[in-house]
Structures are given as structure tokens and as C-alpha cells.
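Trainee:
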Amino acid sequence: MNPLRSDEYPAIYSGYIETITGDVMELLNEQITAFPKFIADIPAGKSEFAYAEGKWTIKEVIGHVIDTERIMAYRALRFARNDTKELIGYEPDDFVANARFNERSLDSFSEEFVLVRKSNVMLFRSFNDHELARKGIASERLISVRAFMYIIVGHLNHHRNIIRERYLRE
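Residue numbers for the sequence shown follow our numbering, beginning at 226 and rising by one.
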């Protein structure tokens, strides 16, 4: 797959996209096993830890990653099917506040992530080059279907790095 061009996504997503090296489809697949392994290595006593007042817990961060993947895949599906209606944004803090993520086990997040990701890999594989190149407006910004694959991979990378650096440091 060709590298993502800067005119395919808004600059707000650059930080996620810059975490990606290599083939994005391969990375989508690699994360299916790598992220659950990462989750399994989180000490049980740390799963509900927040590194500062007002910050999410590790469970909430992981839940946010899964919710965001669903939203980005939905947006990709709409645009790939040539739906030209503008899609509004969402407020991640509201999603987390209403999700009860801290009531769940880390294993449940791993299982959910694998199912969501496998479904999304199949979705992105089903798109041809023309569909991947389609663009639409989401959160008041023009973006291509293909860019959503990069955002999904990069968003996970971003939050995994935050968990390592701010939650699991000794």
C-alpha cells in the first residue's frame, strides 16, 4: 500500500500517523496479538490507577482506544460507501464517563479488542483502491477512508506509549 499523503488527513491526526512505520495493514494485524499481550502485562493493581487528578485510569484508556476504533471504522465505512453526509465529532470524556470501564476485567478488554480489530481488518480488506481514496467530512475536517486505518493504528500506539510512560513507570 502506498504511503499516506498529507492531503488525505487533517493535521490534528499527525501525531498518531507519525507513530507508524511500515505497512499499515500489517500493523493492523500485528496489533491483534501485540496489544492483548501488552494488556496482559499490566499489573492487576495498576489497572484502575490514574497518574494524576482528572486523568483516566488504565482501564478507561483501553476502553477509549476500543471505542475510538469503532467510531473511526464507522466513519470509514460511511465514506467508503460514498455517503457524503458530514459526520459530527464525539466527546471522548463523555464516552468514558458513561462506560463503566473500571467495572470490567482487563481480560474482557483484550477479548473485545481482538473481536473489534478482526472485524475492522476484514472491513478495510474489503475496500478497493477507489473506495480507500474516497473522502468525507468528519468533525469538520476532510479525511480519506485510507487515513482511518492509519489513525486506528496510530491512536493505539499513542495511548500504549502513554500507558508505558505515565502509568507504568516505576
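Note that beta-carbon positions come from the ideal geometry of N, C-alpha and C, so glycine has one too.
Along the chain, where does the alpha helix (DSSP H) containing Ser-335 start, and where does it finish?
Mentor: 331-351
Trainee: My output table needs one value for Ser-231: the three-state DSSP class, helix, strand or coil.
Mentor: In the three-state DSSP reduction, Ser-231 falls in the helix class (H, G or I).
Trainee: Rounded to the nearest angstrom, what separates Pro-235 and Leu-367 at their Cα positions?
Mentor: 7 Å
Trainee: Cβ of Gly-361 within 8 Å of Cβ of Thr-309?
Mentor: yes
Trainee: Check for me: the alpha helix (DSSP H) holding Glu-302 runs from which residue to which?
Mentor: It is worth fixing the name first, because residue 302 is Leu in this sequence and not Glu. From DSSP, the alpha helix (DSSP H) with Leu-302 extends over 283-305.
Trainee: To the nearest angstrom, how far is the alpha carbon of Leu-312 from that of Ile-257?
Mentor: 28 Å
Trainee: What are the boundary residues of the beta strand (DSSP E) that Ala-363 is part of?
Mentor: 360-363
Trainee: Whose C-beta lies closer than 6 Å to the C-beta of Ser-364 among residues of the same chain, with five residues either side of it excluded?
Mentor: Gly-314
Trainee: Between the C-alpha atoms of Thr-282 and His-383, what's the straight-line distance to the nearest angstrom?
Mentor: 15 Å
Trainee: Does the distance from the C-beta atom of Asn-327 to that of Glu-255 stay below 8 Å?
Mentor: No. Outside cutoff.
Trainee: What three-state label does DSSP hand Leu-357 in the structure shown?
Mentor: Assignment of Leu-357 by DSSP, reduced to helix, strand and coil, places it in the helix class.
Trainee: Helix, strand or coil for Ser-369? Go by DSSP, reduced to three states.
Mentor: strand
Trainee: Starting from Gly-240, trace the alpha helix (DSSP H) in both directions and tell me its first and last residue.
Mentor: 239-242
Trainee: Are at least three pairs of beta-carbons, each pair with one atom in the region 240-249 and one in the region 284-296, less than 8 Å apart?
Mentor: Too few Cβ pairs lie closer than 8 Å, so no.
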